[in-house]
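For what it's worth, this note's numbering labels the leading residue of the sequence shown as 42, then goes sequentially. Heads up, the thing below is written out as structure tokens.
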Amino acid sequence: WDGSSWTSVSTLPYAFSYCSESAVVYNDEIHILGSSDSNAVGQYHYKWNGTEWISISTLPYECYEGSAVIYNNEIHILGGYASANRKKHYKWNGTEWISVSTLPYAFRAGSIIVYDNEIHIMGSEESSYYTSHYKWNGSSWSEVGELPYSFYTASGFIYDNEIHVLGSYDSNYETAHYKYDGSSWTSVSTLPQKLSKGHALVIGTDIYMIQWDEFYKYDGTNWDTCPNVPANVYEGGSVVLDGNIYVMGSS
Numbered sequence: 042w043d044g045s046s047w048t049s050v051s052t053l054p055y056a057f058s059y060c061s062e063s064a065v066v067y068n069d070e071i072h073i074l075g076s077s078d079s080n081a082v083g084q085y086h087y088k089w090n091g092t093e094w095i096s097i098s099t100l101p102y103e104c105y106e107g108s109a110v111i112y113n114n115e116i117h118i119l120g121g122y123a124s125a126n127r128k129k130h131y132k133w134n135g136t137e138w139i140s141v142s143t144l145p146y147a148f149r150a151g152s153i154i155v156y157d158n159e160i161h162i163m164g165s166e167e168s169s170y171y172t173s174h175y176k177w178n179g180s181s182w183s184e185v186g187e188l189p190y191s192f193y194t195a196s197g198f199i200y201d202n203e204i205h206v207l208g209s210y211d212s213n214y215e216t217a218h219y220k221y222d223g224s225s226w227t228s229v230s231t232l233p234q235k236l237s238k239g240h241a242l243v244i245g246t247d248i249y250m251i252q253w254d255e256f257y258k259y260d261g262t263n264w265d266t267c268p269n270v271p272a273n274v275y276e277g278g279s280v281v282l283d284g285n286i287y288v289m290g291s292s
């Protein structure tokens, strides 16, 4: 999406699914990490250099339903679907994967962002941790507090220097939209469509939301409908690069 229309870019190098938070931009290139397709594909790591997809590494574990984020110019992957992977935390320094920490709770299908130079993990598909919210300062994890609602298979991001969370798989909160200013949570809006296993991204002063092939924009006051995505990108990945939205894969 270039701001006016959708354009087909490439064919992915493998089936990329159940990884809505496992696509990142690193050194101005799109990286996709893991998948639910099989054990081998679950450890794939490729990058798009603008022309072709290139295999980069084998992940240290299956990143299916885990999350990835850029922190201190390194790719961090956290959590995953398998019980043995839900507390794993590794980083990629451009050459190798290194174990970083043990997560404070079983993290899968939650959300991850960097806020005030700390990694925040929020929610999980584990019922005991639906409202969990912790942060990593580079050396240790500490609890931030409780999320305002059951939050999983949804989206979190930074907008106007605040943490925003949108949607949930929980039907009571699938149109919820809250923000965190560093001390408390406040309700912001009601989403125009439920958001679960979809996408939310920020470009400038606008929030963009994608659910299936439906596409919306929030300008800080109102939600407006945008042209539909030409394919169903449910449970795929999404990033912003050079002011363009890229969506990849699907379940």
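Heads up, the beta-carbon is just placed ideally off N, CA and C, and yes, glycines get one too. Computed from a prediction, not measured in an experiment: that's the story for all the values here.
Whole-Å CB distance - residue i paired with residue j, under 8 Å assumed
i	j	result
leucine 53	tryptophan 94	7 Å
leucine 100	serine 108	Contact flag wrong, Cβ pair sits at about 13 Å.
phenylalanine 256	proline 268	6 Å
glycine 294	methionine 163	With the chain covering 42 to 292 only, the question about residue 294 has no answer from this structure.
isoleucine 154	isoleucine 111	Their Cβ separation, rounded to whole angstroms, is 11 Å, which puts isoleucine 154 and isoleucine 111 out of contact at 8 Å.
tyrosine 171	tyrosine 193	6 Å
Rounded C-alpha distance that separates residue i from residue j
i	j	result
tryptophan 133	serine 191	31 Å
serine 279	histidine 86	15 Å
tyrosine 105	alanine 56	12 Å
threonine 262	glycine 186	27 Å
asparagine 114	glutamine 252	30 Å
lysine 258	isoleucine 139	38 Å
glutamate 166	glycine 245	30 Å
glutamate 70	valine 50	14 Å
glycine 223	glutamate 203	7 Å
serine 142	serine 45	42 Å
phenylalanine 148	methionine 289	23 Å
arginine 127	serine 228	29 Å
lysine 235	histidine 130	30 Å
threonine 136	leucine 232	41 Å
histidine 174	serine 180	17 Å
tryptophan 177	histidine 161	6 Å
serine 58	serine 183	31 Å
alanine 150	leucine 188	15 Å
glutamate 335	serine 77	This structure gives no information on residue 335, because the portion of the chain shown stretches from 42 to 292.
serine 230	glutamine 84	37 Å
alanine 217	histidine 205	10 Å
tyrosine 287	serine 98	22 Å
isoleucine 73	serine 225	33 Å
Unbroken beta strand (DSSP E) run spanning residue i, endpoints
i	result
aspartate 265	264 to 267
phenylalanine 198	196 to 200
glutamate 276	Run containing glutamate 276: none; DSSP gives neither H nor E here.
asparagine 285	285 to 289
tryptophan 177	174 to 177
leucine 242	240 to 244
tryptophan 226	226 to 231
valine 270	Taken as a continuous stretch (DSSP letters only), valine 270 belongs to no beta strand (DSSP E), as it is neither H nor E.
threonine 136	It is not in any beta strand (DSSP E) - threonine 136 carries neither H nor E in the DSSP assignment.
threonine 48	Note, threonine 48: premise wrong, no beta strand (DSSP E); not H, not E.
threonine 159	The question names threonine, but residue 159 in the sequence shown is glutamate. Unbroken beta strand (DSSP E) run through glutamate 159: 159 to 163.
valine 155	152 to 156
serine 96	94 to 99
From the options, residue whose alpha carbon lies closest to that of residue i
i	options	result
tyrosine 67	Asp260, Asn90 and Thr194	Asn90
serine 63	Gln234, Ser51 and Tyr122	Tyr122
tryptophan 42	Gly290, Gly284 and Ser291	Gly284
lysine 238	Tyr131, Gly208, Tyr249 and Trp264	Gly208
tyrosine 210	Ser152, Ile199 and Ala195	Ala195
valine 82	Met250, Gly151, Glu103 and Ser173	Glu103
asparagine 273	Asp254, Ser142 and Asp260	Asp254
threonine 266	Ile248, His205, Leu282 and Trp226	Ile248
aspartate 201	Tyr275, Asp260 and Ile73	Asp260
valine 281	Ser212, Trp226 and Val243	Val243
glutamate 159	Ala125, Ser169 and His117	His117
For residue i: DSSP bridge partner residues
i	result
glutamine 84	Per DSSP, none; premise fails for glutamine 84.
glutamine 252	Glu255
tryptophan 42	Partner(s): none; tryptophan 42 has no beta bridge.
glutamate 203	Tyr200
alanine 109	Ile118
isoleucine 71	Val66 and Trp89
serine 143	The displayed chain sequence assigns threonine, not serine, to residue 143. Threonine 143 is bridged to Lys129.
leucine 282	Asn285
aspartate 247	Ile244
alanine 217	Thr231
serine 183	Lys176
Any non-hydrogen atom of the ligand NAP closer than 8 Å to residue i Cβ
i	result
alanine 123	Of the ligands one can find in the structure shown there are none, so the ligand NAP has no counterpart to examine.
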